[in-house]
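**Student:** According to this note's numbering, the sequence shown holds residues 479 to 547 in order.
Sharing a structure, written as structure tokens. Questions coming.
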Amino acid sequence: MLITFGSTNNIRQFIMKAKERGSASMRIDLRGATITVYHGSTNEVLKTFTAYEGAWDTIWEGINNAKEL
């Protein structure tokens, strides 16, 4: 199947209107200079890393600005 939009502007409008489907959650903890990301349903550790100064603010900034994606 081939879908054509006619212009770059039309593609941008189509992408901006598409909404994320499904559901997801995660938990992010900062403890003792370590950030751990957990799966929201299973509590499986998805990622762990050392939190240097400003890391938490950077994570929050990314989440807070996500509406602009």
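Every residue gets a Cβ at the ideal spot worked out from N, C-alpha and C, and that includes glycine.
Note that the coordinates shown come from a computational prediction; the quantities given were computed from them, not determined experimentally.
Give the range of the beta strand (DSSP E) segment to which residue 514 is assigned.
**Tutor:** Taking the first residue of the sequence shown as position 1, residue 514 is located at position 36. Element bounds for residue 514: 512-517.
**Student:** Return the CA-CA distance between residue 506 and residue 543, expressed in angstroms with no decimal places.
**Tutor:** On the sequence shown, position 28 is the one that residue 506 refers to. On the sequence shown, position 65 is the one that residue 543 refers to. Looking at the two C-alpha atoms, the distance is approximately 17 Å.
**Student:** Using the Cα positions of residue 529 and residue 495, report the straight-line distance between them to the nearest angstrom.
**Tutor:** Locating residue 529 in the sequence shown gives position 51, where the first residue counts as 1. Locating residue 495 in the sequence shown gives position 17, where the first residue counts as 1. Straight-line Cα distance between these residues: approximately 35 Å.
**Student:** Which stretch, first to last residue, makes up the beta strand (DSSP E) that contains residue 520?
**Tutor:** Reading the sequence shown from its first residue, position 42 is the one you call residue 520. No beta strand (DSSP E) contains residue 520, which DSSP labels as neither H nor E.
**Student:** Tell me the residue span of the alpha helix (DSSP H) that contains residue 540.
**Tutor:** Position 62 of the sequence shown, counted from the first residue, corresponds to residue 540. Where residue 540 is concerned, the enclosing alpha helix (DSSP H) stretches over 533-542.
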